[in-house]
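Q: Same order as they appear, the protein sequences are chains A and B. The numbering used here numbers the first residue of the first sequence as 10 and each following residue consecutively. The numbering used here numbers the first residue of the second sequence as 3 and each following residue consecutively. Note that CB positions come from ideal geometry on N, CA and C, so glycine has one too. Since the model is a prediction, treat every value here as computed from it, not as a measurement.
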Amino acid sequence: MHPVLVTIVKRLLLGVVTLFVVSAIIFSSISLLPGDFGEAVLGQAATEDTVAAFRKELGLDKPAPARYLDWVKAVAKGDLGTSFSGRSASGQDRSRSVAEMIAPRLKNTLFLASVTALIAVPLALFLGLTAALYRNSWYDRSVNVTTLTTISMPEFFVAYVLILIFASLWKVFPSLATVDIDMAMGERLNRIALPAITLTLVIVAHMMRMTRAAIINLLASPYIEMARLKGASRSEVILKHALPNAWAPIATVIAFNLAYLVVGVVVVEVVFVYPGIGQLMVDSVSSRDIPVVQACALIFAGTYILLNLIADVIGIVTNPRLLHPR
Amino acid sequence: MNDQDQPLMQMTDIHIEGYSDERWHPIIKGVDLQLRRGQVLGIIGESGAGKSTLGLAAMGFARSGCRFTQGQVVFDGTDLLTLKESQRRKLWGTRIAYVAQSAAAAFNPAHRLIDQTIESATRSQLRPESESRQDAIELYESLHLPDPANIGERYPHQVSGGQLQRVMTAMAMSSRPDLIIFDEPTTALDVTTQVEVLAAMREIVDKYHTAAIYITHDLSVVAQMADEIKVLRYGEEVEQAETRSMLSSPKEKYTKSLWSVRSLEKPESRSNDIVLALKDIDAAYGKTQVLHGINIELPRGKTVAVVGESGSGKSTAARVVTGLLPQSQGTVMFNGDVLPPALKDRTPDQLRRIQMIYQMADTAMNPRQTVENIIARPLEFFHDMKGLEKEKRLLELLSMIELDESFLDRYPAELSGGQKQRICIARALAAEPDVIICDEVTSALDQIVQEGILKLLLRLQEEFGISYLFITHDIATVKAISDEIVVMYQGKVVEQGLKSQILSPPHPEYTELLLSSVPEMDPDWLTGLLASRDGRAGA
């Protein structure tokens, strides 16, 4: 087998191990949350017997390690469990499966994340490369100042400023990003325009600055001087001689920011009332809906691990030393 | 057709300044340079003499932080300094090509060799790309690269340093330039590899009648390559003459001093009192075995030089002695006792008695510590010295290395290369060792500075009876310092014996190859060597 494949398989296995460790951390930290679902639903007036019976029905009476093992076993089979919500003291059970609750929300989040990524990543690469090409010029400085300004402002502030400008002063985009499955693509894109722009402004600076720094870092290498002495123009030096050696750090930062688009956007979702997974998780935490919280946390962890794995793989396949061993 | 009398390159009154410490310092102070078509000019001088800067100036190129302040660089009738950069760029790689010192660093790790070889020719649309590829393969062949048809498909890390240097020569030659600037092209190579690269470069420059500027600090190398030699010092020309007359009768005192360094030679002496012995040592990095049953004996108060090319296991042997790399087989005997293999099992006294000096004095010292801290550390650690006693000893040590107390509060960055190496020697001396392992300690230094360090080491040996295990690849250094020589090749000891025995024939095959590859100050040396090797190969 090719050594790169071996490395990738190793990283994948390591990712699975990490996921296990993270699942244990998620489970134990949720166990540490104060309060419990039984009391939250039944109210303080409920007798201890009722609460105990209710807890037993949900399986909350078992010791924590046993509950953890049950959960892990179920998840390994693809069963994320059943939500606690929808149950009540009256014995009525209108609860839904966790997968059913999460799926549409996750789709929405991934949709917003992909649209943002499609704008932000090419934009950041373009700005980073041109800033490196014209480094220390007014262009470089203004790109740096602008992106630093947008990253320094809290995202809800950016969001409200955009609403003020593009939804109130000029009615270009809607201020609410409520979407549903039946909506046509064009309409959906229109609805999510403002959240996508907000997120782009938030993540572009980081990626752009890393691209610029990674390229400039290489410009002092002897092979860059050699390329110049072979007659390469400035843009050729950067695109053909520096960029191919700079992918690894750039990919790492892109992966980090894409993960943020999935797991860190709850504030933006709240501002634009966007039905994403972040809101679902926050709601579930406040209602003590443990299975949903656990599932969301696991998805977030999985996203981080997967994106970082992809960045590692890009780092490997763009490094000829690893791709073409001696 | 320009007439042949007009020079190809005419540099007049070149002044170049470099920016550091917030002001401009002169680097080149009014140098003239003239080159005819097909002529090879050698430029020699110590580091900091401005050789590379002058070489790059011949392309109209100044490194970042440098600038031309005066002068003309007239190449084939055009002053390069009056051109726009985009116009100069059209000449680079096509009519003037550059061969850099470290091929390993000068090749882009991300691209295949052949793509880099034909890059300039393709950009200038000299000929169709497929023809350039074919031509590159022919160049590889004439440079005696192995498997010329396929070597270009490899990446830089997949071929050896000597091969890379030849590929770089092919790269420079690809557009058939009028002028090639060779900037120390063989300095990073082993002597055995250097011979092949020198021969290949000379052959191809002759074949295409290309003019060349050959920059080096090694006299015997430049003697093989150049028609004329220019000596440079502190950014000024010392003298220039035709190679043979320059070698036989240099006019200037500075040039003569450069010539004299190689004549240092220590009389050898024998001793049977063995202080350190490696017995049947095997050692490995991970699964790669590097040393195969080596035996080395170091007599007390003597110097044993360990010679061999890079990868022969010289430095690994030193790591075994110091305990940094415990051996997998065999024993190290020290003062008659078995030395524990691992560093952590050795007593402080054993640690004190074996000290080490490294090639790069720069990286062997903590840049944030003053000279006083650096030398005082072993005094406190091994000898528990404090206060006045320590002060006194510090001054003694400084006087031993011929420096005064004004150096105590300096930082390494404020010292010259030779001074740094002296501080490292003082640090080793502070421990009062029996044995000092010197790993290529003079390789990074200029010849005159080298001589000073070698004389210092010899004097310290006489005064304190220290034994040196002296690792080097330079035969002139070996002659200067050693009593005995160990020749290593591919992790094995080829032979050990007194200097006079090893250096006089008959030799084992590898010793013969190594010794015959050491360039001599005779312009006919390379030609003679190649003829004798060809003759033997043909016989």
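Starting from the beta carbon of B/Tyr157, find every residue of chain A whose beta carbon is closer than 7 Å, and list them in chain order.
A: What B/Tyr157 touches in chain A: Pro329, His333.
Q: Within 10 Å of its beta-carbon, does A/Asn266 have 16 or more other beta-carbons around it, so buried, or fewer, so exposed?
A: By the neighbour-count rule (16 or more Cβ atoms within 10 Å), A/Asn266 is buried.
Q: Tell me the rounded alpha-carbon separation between A/Lys116 and A/Gly285.
A: Using only the alpha carbons, I get a separation of about 8 Å.
Q: Return yes when the Cβ of B/Val489 is within less than 8 Å of the Cβ of B/Tyr470, no when it is not.
A: No.
Q: Tell me whether A/Asn254 is buried or exposed, calling it buried when 16 or more other Cβ atoms sit within 10 Å of its Cβ.
A: Buried, since its Cβ has 16 or more Cβ neighbours within 10 Å.
Q: Along chain A, which residues have their Cβ under 8 Å away from the Cβ of B/His100?
A: According to the sequence as given, residue 100 of chain B is Tyr; it is not His. Within chain A, the residues near B/Tyr100 are Met235, Leu238, Lys239.
Q: List the residues of chain B that A/Pro131 touches, going by C-beta distances under 9 Å, in chain order.
A: The premise fails here: A/Pro131 is roughly 21 Å from chain B at the closest Cβ pair, so nothing lies under 9 Å.
Q: Report the start-end ranges of each beta strand (DSSP E) in the region 436 to 501 of chain B that is 3 residues or longer and not cut off at the edges.
A: Fully enclosed beta strand (DSSP E) runs of 3 or longer: 437 to 441, 469 to 474, 486 to 491, 494 to 500.
Q: Indicate whether at least one CB of chain B lies closer than 8 Å to the CB of A/Tyr232.
A: Interface residue, yes.
Q: Going by CA-CA distance only, name the one from A/Met290, A/Arg218, A/Arg200 that's closest to A/Val130.
A: Ranking A/Met290, A/Arg218, A/Arg200 by Cα distance to A/Val130 puts A/Arg218 first.
Q: Residues of chain A with CB under 7 Å from B/Arg91, in chain order?
A: What B/Arg91 touches in chain A: Gly240, Ser242.
Q: With 16 as the cutoff for other CB atoms within 10 Å, does B/Arg370 come out buried or exposed?
A: Per the 10 Å Cβ criterion, exposed.
Q: Would you check if the distance between the CB atom of B/Thr318 and the CB atom of B/Val340 is smaller than 8 Å?
A: Their beta carbons are not under 8 Å apart, which means B/Thr318 does not touch B/Val340 by this criterion.
Q: What would DSSP say about B/Trp527, mapped onto helix, strand or coil?
A: Reduced to three states, the DSSP call for B/Trp527 is helix.
Q: Excluding the 5 residues preceding and the 5 following B/Asp15 in the sequence, name in chain order all residues of the same chain whose CB lies nearer than 7 Å to its CB.
A: Closer than 7 Å at the Cβ level, and outside the excluded window around B/Asp15, lie Gly32, Asp34, Gln72, Gly73.
Q: Using a cut-off of 9 Å between C-beta atoms, extract the partners of B/Arg178 located in chain A.
A: Correct list: empty, because the minimum Cβ distance to chain A is about 14 Å.
Q: Does A/Pro163 come within less than 8 Å of chain B when only Cβ atoms are used?
A: Taking Cβ atoms only, chain B never reaches closer than 8 Å to A/Pro163, which makes this a no.
Q: List, in chain order, every chain B residue whose beta-carbon is nearer than 8 Å to that of A/Asn254.
A: In chain order: Asn110, Pro111, Ala112.
Q: Nearest-angstrom Cα distance between B/Leu327 and B/Pro435?
A: If I take the Cα positions, the gap works out to 20 Å.
Q: Name, please, each residue of chain A whose Cβ falls closer than 7 Å to the Cβ of B/Glu121.
A: In chain order: Lys239.
Q: Who are the near neighbours of B/Ser314 in its chain, counting only those whose CB is closer than 6 Å to its CB and skipping five residues on each side?
A: Closer than 6 Å at Cβ, skipping near neighbours: Met490, Tyr491.
Q: If you reduce the DSSP assignment to three classes, tell me which class A/Asp79 lands in.
A: A/Asp79 falls in the helix class under three-state DSSP.
Q: Quick one: is A/Val322 near chain B, going by C-beta distance under 8 Å?
A: Not an interface residue.
Q: The region 43 to 71 of chain B: which residues have C-beta closer than 9 Å to a C-beta of chain A, in chain order?
A: From the region 43 to 71 of chain B, only Leu58, Met61, Phe63, Arg65, Ser66 have a Cβ closer than 9 Å to chain A.
Q: DSSP state of B/Trp26, grouped into three classes?
A: Residue state, collapsed to three classes: strand.
Q: Let me see if you follow: with CB-CB separation under 8 Å, is B/Gly389 close to chain A or not?
A: No - not a single Cβ of chain A is within 8 Å of the one on B/Gly389.
Q: What in chain B is Cβ-close to A/His250, meaning under 7 Å?
A: Ordered by position in chain B, the residues that pass the 7 Å Cβ test against A/His250 are Asn110.
Q: With distance defined between alpha-carbon atoms, name the residue in B/Gln329, B/Leu345, B/Glu133 nearest to B/Ala286.
A: Here the closest residue by C-alpha is B/Gln329.
Q: Within 10 angstroms of the Cβ of B/Lys253, are there 16 or more other Cβ atoms? Answer buried if so, exposed if not.
A: Result: exposed.
Q: If you reduce the DSSP assignment to three classes, tell me which class A/Thr27 lands in.
A: If DSSP states are grouped into helix, strand and coil, A/Thr27 belongs with the helices.
Q: Does any CB atom of chain A fall closer than 8 Å to the CB of B/Gln291?
A: So, not an interface residue.
Q: Taking 8 Å as the threshold (C-beta atoms), are B/Val496 and B/Ile487 in contact?
A: Cβ atoms of B/Ile487 and B/Val496: not closer than 8 Å.
Q: Could you tell me whether the Cβ of B/Ile18 comes closer than 8 Å to any Cβ of chain A?
A: No - not a single Cβ of chain A is within 8 Å of the one on B/Ile18.
Q: Does any residue of chain A bring its CB to less than 8 Å from the CB of B/Arg125?
A: It does; some Cβ of chain A falls within 8 Å.
Q: Suppose contacts are defined by Cβ-Cβ distances below 8 Å. Is B/Ala228 in contact with B/Gly44 by that definition?
A: Yes, the Cβ-Cβ distance between B/Ala228 and B/Gly44 is below 8 Å.
Q: Of the choices B/Ile403, B/Ala213, B/Tyr413, whose alpha-carbon is the least far from that of B/Gln36?
A: It is B/Ala213.
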